[in-house]
Every structure is written in structure tokens, then in C-alpha cells.
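Undergrad: My questions all concern the structure below.
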Amino acid sequence: MKGKAKVFRPTAFSFPYLAVTLVFVIIPLILVLVYAFRGKDGGFTLDNFRKVFTEKETLLQLGKTVGIAALSTVICLLIAYPVAYILASQPFKKIAILSLLFIIPMWINFMLRIFALKSLLSMIGVEKSFGAAIIGMVYDFFPYMLLPIFTVLSNMDQSYVEASRDLGANPVQTFFKVTLPLSLPGVISGISMMFMPIFSSYAITEALGDMGTTVIGAKIAALFENQNYGSYGYGSALSFVLLVLVLLVMLVGNALTRRTQKAPKGGKA
Amino acid sequence: MSIFDKIKKIFTKEPAPAPEKPAAPTPKKGENIIEIKGITKVFDGVTVLDNLSLGIKRGQFVTLLGPSGCGKTTLLRLIAGFETPTEGEIFIEGVPITGIPPYKRPVNTVFQKYALFPHLNVFKNVAFGLKLKTIKDPTAKKGERKYTKAEIAEKVNLALKLVGLEDYGHRDVNSLSGGQQQRVAIARAIVCEPKVLLLDEPLGALDLKMRKEMQIELKKMHENLGITFIFVTHDQEEALTMSDMIVVLNDGVIQQIDRPKKIYDEPKNAFVADFIGESNILSGVMEKDFVISFLGKSLPCVDKGFEKNEKVDVVIRPEDIKITDGAGNGHFDGQVLTSVFKGTYYEMIVLAGEYEFTVQSQVEFRPGSTVSLEIVPDSIHIMKKILTINKYIGKVTGENAVTFCNGEFSIPTAGFEVGDDVVVYVPFDAVELTDDEEDGVIGAAVTQSLYKGTYYQVQVYTDTDEDFYIDTADEWDMDDRVGVKIDGAKVRLEKYDPQEEEAE
Chain A
4 MKGKAKVFRP
14 TAFSFPYLAV
24 TLVFVIIPLI
34 LVLVYAFRGK
44 DGGFTLDNFR
54 KVFTEKETLL
64 QLGKTVGIAA
74 LSTVICLLIA
84 YPVAYILASQ
94 PFKKIAILSL
104 LFIIPMWINF
114 MLRIFALKSL
124 LSMIGVEKSF
134 GAAIIGMVYD
144 FFPYMLLPIF
154 TVLSNMDQSY
164 VEASRDLGAN
174 PVQTFFKVTL
184 PLSLPGVISG
194 ISMMFMPIFS
204 SYAITEALGD
214 MGTTVIGAKI
224 AALFENQNYG
234 SYGYGSALSF
244 VLLVLVLLVM
254 LVGNALTRRT
264 QKAPKGGKA
Chain B
353 MSIFDKIKKI
363 FTKEPAPAPE
373 KPAAPTPKKG
383 ENIIEIKGIT
393 KVFDGVTVLD
403 NLSLGIKRGQ
413 FVTLLGPSGC
423 GKTTLLRLIA
433 GFETPTEGEI
443 FIEGVPITGI
453 PPYKRPVNTV
463 FQKYALFPHL
473 NVFKNVAFGL
483 KLKTIKDPTA
493 KKGERKYTKA
503 EIAEKVNLAL
513 KLVGLEDYGH
523 RDVNSLSGGQ
533 QQRVAIARAI
543 VCEPKVLLLD
553 EPLGALDLKM
563 RKEMQIELKK
573 MHENLGITFI
583 FVTHDQEEAL
593 TMSDMIVVLN
603 DGVIQQIDRP
613 KKIYDEPKNA
623 FVADFIGESN
633 ILSGVMEKDF
643 VISFLGKSLP
653 CVDKGFEKNE
663 KVDVVIRPED
673 IKITDGAGNG
683 HFDGQVLTSV
693 FKGTYYEMIV
703 LAGEYEFTVQ
713 SQVEFRPGST
723 VSLEIVPDSI
733 HIMKKILTIN
743 KYIGKVTGEN
753 AVTFCNGEFS
763 IPTAGFEVGD
773 DVVVYVPFDA
783 VELTDDEEDG
793 VIGAAVTQSL
803 YKGTYYQVQV
813 YTDTDEDFYI
823 DTADEWDMDD
833 RVGVKIDGAK
843 VRLEKYDPQE
853 EEAE
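First to last, the protein sequences are chains A and B. If you're matching positions, the first sequence starts at 4 in my numbering and goes up one per residue. If you're matching positions, the second sequence starts at 353 in my numbering and goes up one per residue.
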């Protein structure tokens, strides 16, 4: 038997995942790349990209998408930070149920949540509009913004706050000079967890927004739904540009996190 | 003279410039800068500090010393303002400070883990407090202003120089060693010119060599700056080395306040004696003034003022026992059990009668040899017994029933069998007194009722010559007959071992 027994390597467990990734992520990505650079005649072309960067309507939509993503992210941050701060502060720290309340919505499929919100909004008289779309985004991504900030704040060593107060900073000064800077890693990861998905999503704006809120994701979807052969190439080029933009945002976010996240070392001599 | 003038003076040979006008009368050194009056602190029903009063003199190096959980850090945090007392008041220079938030108090803290701001470099950490400060300046618009950048830079650099880190301003605090972080933390606190510097076990995280260096440096700094230091530590050696005054704390109560030498030489009770240095602690009886009896011998001593035949603790330091060869030369004859070389002396365990003495001597006596122990009156320290728990010898007389002091009490007896002899530990708060003697398991007479600030400590005397100590909210009249009940759930049982009992 010696030497004949097959060694079952632990890495084999990753094969199913690799297969799925290959079929549903890597190959489609390659297809997108191919379509983006392929002209109507089947040869190499940069026309699709030229169209992306010259067509006014597309650029406008791209700008609008960034604007919507930024606006909902900022609103969400402004709501989530105080909530996280309160939840992480002393009297609430041990009440896990409170933070659970904010996480439970994450267990429900987001499309369901959006349609529920749509009915709710129309019940109180808010119809499909720019505002409704923003409300939808903020509502949907709230837990993703809350959790990283809450985690950083609740793990923060209280002695920094005490040191600040000891050195003469009042509570407001302490917040802006110590608590806020030290919680930036959480803020940044909250932003990137929200900004990027919003950037490329269109389901929420489709369901809740009006004509004025058509985002770039919707345009790409429309291009692919259109069976016209040429729009495939244009849609692929647009997807590719979007992908690069998201990657850029991610890189900037990571760099910022690394700069702010300097874990204090214990007192080793 | 401000702290900075003093720091400058350390680095410049020339005398500091004389102040232009005579400054306000500088407070005298002897007066109390901090006055703590009747402070009680209760956390979740646990009393951490119990009606504690303390005065701290201006300019002194005061150490709060005690085992972990004794309340020393809580006391420091009360002074810093991170906690508010449940009862009592703290005064700094005569001003009550309970309502004053930490950022307005004239004290600064060096934290146990330094708490240096990780997002700021060394310079900015030290400058943190200065940037926030407003100073009086008659030439400014409102009579006060912030420090200018140049002033801040000068002060920060001086403070860094004082702690020996002058070229480290631009460094990231995380890149520093523990000792360096410690120095930055000290610079950050003293740069604010506090009236009192609070140090919360600041040397705890350093290795031994670094610690010894920092001890000397801190002591020097204290002498040069002239401000009051309050230092918290559980390390008795550190306390003895550095302090002008030591406050020994245990269970939230001050055990002794004295100069280091006095704390060591004349501990007030067995706890202090045991905590500071090594000691032999024995039970004895004070026969009369200047005569103490222990281990079956009557010896002359220098203490008086105890009641006739009062049970007391006898404390003898290992280095105070004179050990000589052969029997009959001293007060006790004994046999050497073990001998360990400790660098400059030998530490021997000598069995004399039933007690194992720890003896230190430059001369070694081999294990097995017979020796005489001589104890001069001067080195016998007598202290009042302090009890922390009621202790009785009893017998398990049934399932969940233990008999002692002529009464059968219901106490969980899991792990013991009927007929077992047990030691019964009854906490002070597990005893309940009843007005009617018949309501209790046994009867007793009240012999003492002491008010301890938040409760009464009552002492009752049973018909079987035993004492019970009880913590209770009510006052009981002396000589009243009462019934004694016990909350069995709070009682601890231990197997009774007669041999071990005697050795104790």
C-alpha cells in the first residue's frame, strides 16, 4: 500500500469555489474585456471607449451616479456615526440586543426590503423620486456603515479618552481630537462598503427612483438587454470603466486605512 | 518659580532670571494640597473605598501601596476626576472638586499603559495639553490667551529634554520602546504644569533594569520640579525606595500612613507587616505592659497600652532574629530545616516549638543543626489582631447541617460526610442577629457595636466562649441578649486538619 495511497490535500477543498469563480467571474470578465475591444467587424478597436468618454449623456450619468453614491454615503455616515457612538458608549455597551436591531434587516433579502420600503413610502405619500431613491440607499446600506464604526468605537481603549480629558480637553475637544481620528479606520471601511456597491447598483434606483435618477448601472443593463450586437461592445466598455473606477476607490480607501490604522503597541521595553 | 524655570535651571548653569515682581505668596510646603474627607466608593454594590480620609502635603512624594483590588487606583481616579465618590469630598488647595470635570482639575496623570495617542507623533502628544491651555496675559485682549506656537515648541522641547528624548519629537509613538513611551507619557503630563502629578503604576510594564532606572529618575524629577507626586503601586520595594510618605491600603481602608522607614520598622498591624517585607507573624498574649507571651514563653517587649491578656499579633522581622549555634543561648531553641543563599545573606527556616521561623543571617547553619534564637525587646512588634472572617471548628452532623458553638446550623455540606470535622468560615455579612434569643440558632450577648461609616460592626459573645463579628445596618445595644442566625449559602467549609492548624 505504501506510496500508492492518494494523498488528499486540503487545497482540494478550494476546487469547487475555484470552479464557480472561473465560470461565473473570470470567464465573464474576459468576455467583457473581449467585447469591449472588439469592433462590429470583429477586429480590435477603441471605438467603444471613445464613445464612453465622448458621449455627453454617458458622462452625465456617470457623474450623477458618483453624486448619488456620495450623497447617500454622506447621509448614511451622518446618521450611523452618532448611533454607533451611542451604542458603543458605556450604558449601552452590554446591550447586544440594541445592535442586533440594526443587524436583523441584513438577514432579509435586500430586494424584499426595497419593495417593502417602496410600499411603505407610497403609503405615506412618497412616490418614486430622487428623494425616495436616496432614502432607499441609506436604509439599505445603514448596517454596513454602522457595524465597522461601532466595532472600532467599542474596541477603542477608554484610556485615550481619559488621557485627553486629563490633559485639559473638554468632551467636544476630546471627540474631535481623539475619538474621531482614532475611529477613522471604521469610517473608511464603512464608506467603502457602501460607496462601491451603490456605485454599481441600479436595483434601488430602479425601484424607488424616477427618470432623473437613472444611474450608470441601469444604462449598462439597458445596453445588454438590447439585443443589438453593437451595444454589447459599448456596454462592456462602460462596465470596464466602472470596474476600474471601483478598483481605484478601493485602493484609495485601503491606503487611507493603512495610514490611519496604527495599532498602539503594548509597553515592551 | 514655574516648573519650566526649574527645568531650565536644570539644564543651564546660570541662575534663572529673577521674577520681575514678587509673585503671589507661594504656598508653604507643609500644608495639605489635597484633603480627602470621608470618601466612600461603591461599584455595583461592592465597597471599594470605605470612609477613607487622607491629607497629602504639598511637594511630597506619596505612594498609595496595596495589593490589587485594595482601592488604590480607584482613589487615584477619584482625584483625577474619572470617578465620582459615592460619599465624601476631595479638596485640592481647599477647593471641593467633586463637581469639577477632569479637564479643569489642576492635576495630570501618567497612565498605567501610557495611553499615548497613536495618531500623533511624540511632539504632538506632548503638545496636546499645551494647545488647549489658556494662560493669563494682561497684555492680551481678554486678559488671557493661548500659547503661541513658539512657546509650545520651547516648552515641549524642554520637557522632552528633561526625560532624555530631545531628538524624538518627530518619531511615531508606536516606534518607541516601552521605556521611551513611559518617558513621553511623563513629559506629556508635566508639560501642563500640574499642581499634582498622578502616576498609576507607571513602571509596571517595564523590565526590572529599566524599572530601577526609572525609579531613580522619577525621584530626581520630583526633587527638581518640587510638585506633589501621588504614585500608585503594588510593589512594596518600589514604594520604600521612592516615597516620602507611604499610604498602605487594604480592602478600601487605610492600614497605615507613615514614612517608609517607619512603615518597615513599626508596622501597625499584621497586614502591613506581612505586605511590607518578610515577617514572622505569631499569635501571642499581652500578659501586662512590656511583657508578651508567645510560643509558651514570656518575653520583654517595648509595647504597652493593651488590655491584660489581650490576644495580639506578634511580628518579628527575619533579620532581627539573632541566631547562634547550639541550644540554650537564646529565647528559643530550634532546628534548622532549610537554608537558602540569597546573595548577601542566608535565609533559614528554623523550627522552634511549633513555629517555623524565617531567619536571615550572614552566617549559615546547616539544615539539621540545633540553634538558639534570640529576640531583643526592640524587634518584637505587637499589634492588635484584625479579623477578616469568623472562623470556628465544627462537625458535620447531618446532610446540610453543621454543628459548632453548641448550635446546629444549616449549611450546604456537599463534599463532606456526616462526622467530618470541619473548619467553618463565616463572613461578617453572613450572620444575622435577631431581637429575640429564641429566634436564633444560638444565643449570645452583644459586647461591641462599632460604627464603620456605612455600617455597624457588631461583636457578640456566645455561651461557648466564641466571638461572632457581624456587619449590619442596625446598631445593637451592649450586653443585649440576641439570637444568632447564619446564611448557610455564604459559609465556606474546609476539612479540619489538626496538624496544619497547630503549625499555623
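For every residue, glycine included, the Cβ atom is placed at its ideal position computed from N, Cα and C. In this text, all values refer to a predicted model and were calculated from it rather than measured experimentally.
Against chain A, which members of the segment 468-491 of chain B pass a CB distance test of less than 8 Å?
TA: Cβ contacts with chain A: L468, F469, P470, H471, F480, G481, L484, K485.
Undergrad: I'd like to check one pair, L170 of chain A with L468 of chain B: are the Cβ atoms closer than 8 Å?
TA: no
Undergrad: Which whole-angstrom value describes the C-beta separation of L406 of chain B and G423 of chain B, a residue pair presumed to lie in contact below a C-beta threshold of 8 Å?
TA: The pair is not a contact, with the Cβ atoms about 12 Å apart (cut-off 8 Å).
Undergrad: What are the boundary residues of the alpha helix (DSSP H) that includes V155 of chain A?
TA: Element bounds for V155 of chain A: 133-158.
Undergrad: In chain A, what lies closer than 9 Å to F581 of chain B by C-beta?
TA: None at all; the shortest Cβ gap to chain A is about 15 Å.
Undergrad: Once the 5 residues before and after N661 of chain B are set aside, which same chain residues still bring their CB inside 8 Å of it?
TA: V637, M638, E639
Undergrad: Taking the alpha helix (DSSP H) that F709 of chain B belongs to, which residues open and close that run?
TA: Premise fails: F709 of chain B lies in the beta strand (DSSP E), 707-713, not in any alpha helix (DSSP H).
Undergrad: Spell out the partners DSSP gives H733 of chain B in its beta bridges.
TA: B:V667
Undergrad: Return the bridge partner residues of R833 of chain B from the DSSP annotation.
TA: B:A797
Undergrad: Identify, in the order they occur along the chain, each residue of the same chain with its Cβ nearer than 6 Å to the Cβ of D641 of chain B, setting aside the five sequence neighbours on each side.
TA: K656
Undergrad: Which of the three DSSP states, helix, strand or coil, is assigned to G495 of chain B?
TA: coil
Undergrad: Quick one: what does DSSP say V462 of chain B is sitting in, helix, strand or coil?
TA: strand
Undergrad: With which residues is G759 of chain B paired in a DSSP beta bridge?
TA: In the DSSP output, where bridge partners are listed per residue, G759 of chain B has B:F756.
Undergrad: Could you tell me whether the Cβ atoms of T580 of chain B and R844 of chain B are closer together than 8 Å?
TA: no
Undergrad: With a cut-off of 8 Å, does the C-beta of T696 of chain B fall near any C-beta of chain A?
TA: no
Undergrad: What does a CB cutoff of less than 8 Å around S721 of chain B pick up in its chain, not counting 5 residues either side in sequence?
TA: D677, Q687, V688
Undergrad: Given that a residue counts as buried once 16 or more other Cβ atoms are within 10 Å of its Cβ, and exposed if not, what is V447 of chain B?
TA: Label assigned to V447 of chain B: exposed.
Undergrad: Alpha carbon to alpha carbon, what distance is there between Y163 of chain A and R261 of chain A?
TA: 20 Å
Undergrad: When the Cβ atoms of the segment 450-470 of chain B are set against those of the segment 543-558 of chain B, are three or more pairs found closer than 8 Å?
TA: yes
Undergrad: Do S713 of chain B and R669 of chain B have their C-beta atoms within less than 8 Å of each other?
TA: no
Undergrad: Contact criterion: CB-CB distance below 8 Å. Does Y455 of chain B meet it with respect to chain A?
TA: yes
Undergrad: Between which two residues does the beta strand (DSSP E) holding R844 of chain B run?
TA: If you look at R844 of chain B, you'll find it in the beta strand (DSSP E) that goes 844-847.
Undergrad: Within 10 angstroms of its Cβ, does T57 of chain A collect 16 or more other Cβ (buried), or is it exposed?
TA: exposed
Undergrad: What residue range is occupied by the uninterrupted beta strand (DSSP E) comprising Q809 of chain B?
TA: 808-814
Undergrad: From the beta carbon of R261 of chain A, is the nearest beta carbon of chain B less than 8 Å away?
TA: no
Undergrad: Mind listing the chain A neighbours of N742 of chain B? Cutoff is C-beta to C-beta under 9 Å, in chain order.
TA: Correct list: empty, because the minimum Cβ distance to chain A is about 36 Å.
Undergrad: Just grab the DSSP bridge partners of I644 of chain B for me.
TA: B:M638, B:L651
Undergrad: Looking only at its chain, what residues have a beta carbon closer than 7 Å to the beta carbon of C79 of chain A, apart from the 5 residues adjacent to it on each side?
TA: V141, F144, F145, M148, M197
Undergrad: Just grab the DSSP bridge partners of L601 of chain B for me.
TA: B:I606
Undergrad: Can you give the Cα-Cα distance for G397 of chain B and V605 of chain B, rounded to whole angstroms?
TA: Our two residues, G397 of chain B and V605 of chain B, have alpha carbons roughly 17 Å apart in a direct line.
Undergrad: What would DSSP say about F434 of chain B, mapped onto helix, strand or coil?
TA: coil
Undergrad: Taking all protein chains shown into account, do 16 or more other C-beta atoms lie within 10 angstroms of the C-beta of E630 of chain B, making it buried, or fewer, making it exposed?
TA: exposed
Undergrad: Where do the ends of the beta strand (DSSP E) carrying A83 of chain A lie?
TA: Counting along the chain, A83 of chain A falls outside any beta strand (DSSP E), though it belongs to the alpha helix (DSSP H) covering 59-91.
Undergrad: From S242 of chain A to V35 of chain A, what does the alpha carbon distance come to, in whole angstroms?
TA: 8 Å
Undergrad: At which residues does the beta strand (DSSP E) containing T177 of chain A begin and terminate?
TA: No beta strand (DSSP E) contains T177 of chain A, which is instead part of the alpha helix (DSSP H) from 174-177.
Undergrad: Give me the Cα-Cα distance between S650 of chain B and V728 of chain B, rounded to the nearest whole angstrom.
TA: Answer to the nearest angstrom: the Cα atoms are 12 Å apart.
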